[in-house]
């Protein structure tokens, strides 16, 4: 146990948001016991409010704590003020439930949601007093495991993990815990436990660089899902009942990693969802119920589901919300049903400014779709629309960038007309968010280089100049952050020492614009004699060996090559839910598309934002 | 309780959630009400909010056995629930660290927040510090005014805090007990009083030096009070214009 008196008297009164570090929330587990057969510390390399928003983290926590023989606790990256206090007072990283130091757990499991949390992983290991390198760990050190979407290319972080779980974690975590318990009972040495766990399906052993096939839960209805959420006292980023209506998306946007690595589409049944909603609303008291997935409007029985949930829980003061909207009238009708308030604005993601580019990225949205959806939205009383676009996509020309400005202006003009009919033309606003394309592993665009930083800066300022219109505001993602994201997404093991160096230089919370210090990252690369553009801006050939080739996400290389070639030729590929199988290769044996009803998508209408 | 529209609830805030903010504490209670399926009334408009109003905020880091709130019930549901029912349901639904101490029916007018004038605290003090503070307390109580640095929302300022202190005494177990002005009209934070007592001994922070005793002293709120209109005595929010008082464990 860490020194709680010291925390209370000398540390917590002096840090921001001290409730991040005290636990004791409703529905939190009892935590570590010395006599538990296997113990897990779930570590999230970002701040509490972010980590408490992720459903995968809640699922794993629930699975382990549901077994009376096991115990799981949570740890989040301490904010820099807290980290400084912990270092000054010699407080190690600890689990929130009992204050047990991280070192005492059998397994330390990191979630890798985002490349720009890598420096936090290393600072957390340091605070935990666990050697950063797996090959330096010995008897008494926890087995350090990673999972999450970034596990689809774990190489830049590979030396720091004993093992990496690739794919759905529901079944794998239970196998890891029971194998660990069994080996411990038999008094197996640590190294033997690691090599035993490495034989579990979906587990990658960085030391062995084995070929690994992604774990896929075939049927979500029978997979574990929490009936209780830990309810934070602090407001989490997504502080609500999250109901995962389905997993996977087969819209096939060629830039989208989530749309590739979570295939196939697996919907939950209505019965299952209603039962989960009942349990979760009752056990949490949350005021919002959110239908979570990559594109919830695609859920085949979405209308029935929303009307059922809204009529059941609306009278109890619980609002139903839909976080991702497609660009179509159907989605606006759904949004009208769930959103009592028209004040927050609606978000659409056309992603590209010209039809040519939308065909290249296989975003099945036409300008007519967008205009129809925007008309519906403005007519339904929303005055603000947010549009998401990307720059730096493969085959991009200046025309495509002009197209972003032109399309945004047309939506604004439309809003002025519609709002003008109500005498409120000035109220119409269009907020445009422009990110830079990051080529991601396991997508058809994995071979393409990211634009150089200089190109991106130029394109941003070119676009900025064309967006100076009253009622239109544009925000741009930080170029350096996107550049590093690309380098780590496509990186290999040579990056590991760079991340370590950056941690030593003080890099933390790189995903937070107020904490991100690109100068230190530049120095870290320079100190190792490396250049981040070697990875971010590398163009790979279709027959090249890629750093993540041994991680098999289920989608075949042949499919990705075919999709990349179709992009080159401006050819689109329809969603397999409404057309023929596109041959991505993921469906095998029990792994197949599972729908709760008939898919009624319109071929010209694209998926939600990844 | 069939005539009542408002129930008044007394909560505690225990050690394990002392670093939860007032906002977090309120949100946690609202969620407990929803879990308890108590038919609370909602405000109209685009974002309906349950009609729950707390008497006053408690500083982050303090514990309490005197957090009061008024909660308006939905008229349609009145008559089915006794204050005992409300108490029992809330006790089952409340998160750890938030004991439900008492419930009664109240008129709810004027508002709870506008009537609170005093708060009492019990401050845990180390033995060595107690000796230093004893003289300061005597001196403070015998003087007519006491100009002190106090922290307000708009920063530090100097003010006479003597009228804001009704009473200071030492409990049998050596804790400092004090009754301080609380509420919108006049307010004194217990940590400002302690900092002032320290400075009278030549201790505490010099100019510009932050002195934050909230961690080193366990500050526990023991009561909130109205002032009796006639005699000026302190009265508990559950003793006037209230009916059907039920307490946990009774």
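Residue numbers (our numbering), protein chains in the order written: chain P, 40 to 649; chain G, 1042 to 1291.
We treat Cβ as the ideally placed atom computed from N, Cα and C, and that holds for glycine.
| Asked | Found |
| --- | --- |
| Boundaries (first-last residue) of the beta strand (DSSP E) holding residue 115 of chain P | 109-115 |
| Inter-stretch contact (C-beta, 8 Å, three-pair minimum) for the segment 195-212 of chain P and the segment 168-180 of chain P | yes |
| Those runs of the alpha helix (DSSP H) which lie wholly inside the segment 1146-1174 of chain G and span at least 4 residues | 1153-1156 |
| Residue 253 of chain P, enclosing beta strand (DSSP E) - first and last residue | Per DSSP, residue 253 of chain P belongs to no beta strand (DSSP E) and is neither H nor E. |
| Reduced DSSP category for residue 1202 of chain G - H, G, I as helix; E, B as strand; rest coil | coil |
| Short CB-CB distance (under 8 Å) between residue 1076 of chain G and chain P | yes |
| Cross-chain neighbours of residue 1057 of chain G in chain P, by beta carbon under 9 Å | 61, 62 and 63 |
| For residue 48 of chain P, three-class secondary structure by DSSP | helix |
| Inter-stretch contact at 8 Å, needing at least 3 Cβ pairs: the segment 1151-1161 of chain G / the segment 1085-1099 of chain G | yes |
| Near-chain P residues of the segment 1129-1151 of chain G - C-beta to any C-beta below 8 Å | 1134, 1136, 1137 and 1138 |
| Contained beta strand (DSSP E) runs [length at least 3] in the segment 450-504 of chain P, N- to C-terminal order | 468-475 |
| Whole-angstrom distance between residue 124 of chain P and residue 345 of chain P, CA atom to CA atom | 47 Å |
| Limits of the beta strand (DSSP E) - the one that residue 1259 of chain G falls within | 1259-1268 |
| Contact with chain G by residue 319 of chain P, beta-carbon distance below 8 Å | no |
| Continuous alpha helix (DSSP H) stretch holding residue 1116 of chain G: start and end | It is not in any alpha helix (DSSP H) - residue 1116 of chain G carries neither H nor E in the DSSP assignment. |
| Delimiting residues of the beta strand (DSSP E) encompassing residue 148 of chain P | 146-150 |
| Residue 629 of chain P classed as buried or exposed, judged by whether at least 16 other C-beta atoms fall within 10 angstroms | exposed |
| Whole-angstrom C-beta distance between residue 1178 of chain G and residue 1260 of chain G, which should lie under 8 Å | The Cβ separation is near 16 Å, so there is no contact. |
| Inter-residue spacing [alpha-carbon to alpha-carbon] between residue 168 of chain P and residue 1287 of chain G | 51 Å |
| Three-pair Cβ contact test at 8 Å for the segment 531-550 of chain P versus the segment 201-210 of chain P | no |
| Proximity of residue 417 of chain P and residue 453 of chain P at Cβ, strictly below 8 Å | yes |
| At least three beta-carbon pairs within less than 8 Å, the segment 1128-1146 of chain G to the segment 88-108 of chain P | no |
| CB contact flag (residue 192 of chain P, residue 464 of chain P, <8 Å) | no |
| Partners in chain P for residue 1171 of chain G, counting only beta-carbon separations shorter than 7 Å | Within chain P, no residue comes near residue 1171 of chain G; the closest Cβ sits about 17 Å away, beyond 7 Å. |
| Through-space distance from residue 437 of chain P to residue 293 of chain P, alpha-carbon basis | 21 Å |
| Any non-hydrogen atom of the ligand HEM within 7 Å of residue 449 of chain P CB | This structure simply doesn't include the ligand HEM, nor any ligand for that matter. |
| Neighbourhood of residue 1079 of chain G by C-beta distance below 8 Å, restricted to the same chain and skipping five residues each side | 1112, 1114, 1122, 1127, 1130 and 1131 |
| Where the segment 45-58 of chain P meets chain G: residues whose CB sits under 7 Å from a CB there | 47, 48, 49, 51, 52, 57 and 58 |
| Distance, residue 1289 of chain G Cα to residue 1183 of chain G Cα | 40 Å |
| CB contact below 8 Å: residue 1060 of chain G versus chain P | yes |
| Below-8 Å beta-carbon distance, residue 352 of chain P vs any chain G residue | no |
| Per DSSP, the bridge partner or partners of residue 423 of chain P | P:468 |
| Beta-carbon proximity check, residue 177 of chain P vs residue 126 of chain P, cutoff 8 Å | no |
| Supposed close pair residue 513 of chain P, residue 498 of chain P - CB separation, criterion 8 Å | So it is not a contact: roughly 12 Å between Cβ atoms. |
| Cβ-Cβ separation, residue 98 of chain P to residue 325 of chain P (assumed contact under 8 Å), whole Å | Contact flag wrong, Cβ pair sits at about 17 Å. |
| Proximal chain P residues relative to residue 1048 of chain G, where beta-carbon distance stays under 7 Å | Result: empty, since nearest Cβ-Cβ is about 17 Å, beyond 7 Å. |
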